[in-house]
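Enquirer: I'd like to ask some things about the structure below.
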Amino acid sequence: MRKLKFMANNSQQSNEQSTQHTQDYVAKLLAQDLEKYGFKTLPQSGSHIAVSVEEHELPLSISCEHKDSQGHLVCEISSYPEEEQDWLDRITEQSLLNQLAQAVENTLKEDEKFSDFEWKYDQ
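Take the sequence shown: its letters are residues 1 to 123, numbered as in the numbering used here.
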């Protein structure tokens, strides 16, 4: 599993309202902008988005947790690849996830509301 951790600089809303607004904003932004990288977005709700390319669906989950000392939300975008795959499908999906990861990061970097990008890899 890969996670992109980043900071969201948002207005002075209540914590719960701010968190939900930011998660929805990121999902909408990605749904609109990932097409220019060749990914088609699939209908989802709230802070979840799924994209497809070459008949492969790749789910993404967006979560914003807590504020840091400067009031920025700490957010993560996670991708959960399928566990039960043959080796060729797994290699193909890993390649697509790498492309998607770069597209997500580039999309968010174009928006001044987001900063401090860091990739984390979980086994």
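All C-beta atoms in this analysis are idealised placements derived from N, C-alpha and C, irrespective of residue type, glycine included.
1. Given M7, which residues of its chain have a CB within under 6 Å of its CB, disregarding the five upstream and five downstream residues?
2. Starting from R2, follow its DSSP beta bridges and name the residues at the other end.
3. Take the Cβ of Q70 as the centre, count every other Cβ of all protein chains shown within 10 Å, and call the residue buried at 16 or more, exposed below.
4. L88 lies in the alpha helix (DSSP H); which residues open and close that run?
5. Under the three-state reduction of DSSP, which class applies to H132: helix, strand or coil?
Expert: In short, the structure shows the following:
1. For the purposes of this step, residue 7 is identified with residue 7 of the sequence shown, where counting begins at 1. So the qualifying residues of the chain are H72, S115, D116.
2. By one-based count along the sequence shown, residue 2 stands at place 2. Partner(s): S79, Y121.
3. As a first step, residue 70 must be located in the sequence shown, where it is residue number 70. Its Cβ having fewer than 16 others within 10 Å, Q70 is exposed.
4. Numbered from 1 along the sequence shown, position 88 holds the residue referred to as residue 88. Here the alpha helix (DSSP H) through L88 covers 87-109.
5. Given that the chain is displayed from residue 1 to residue 123, the structure contains no residue 132 and the question cannot be resolved.
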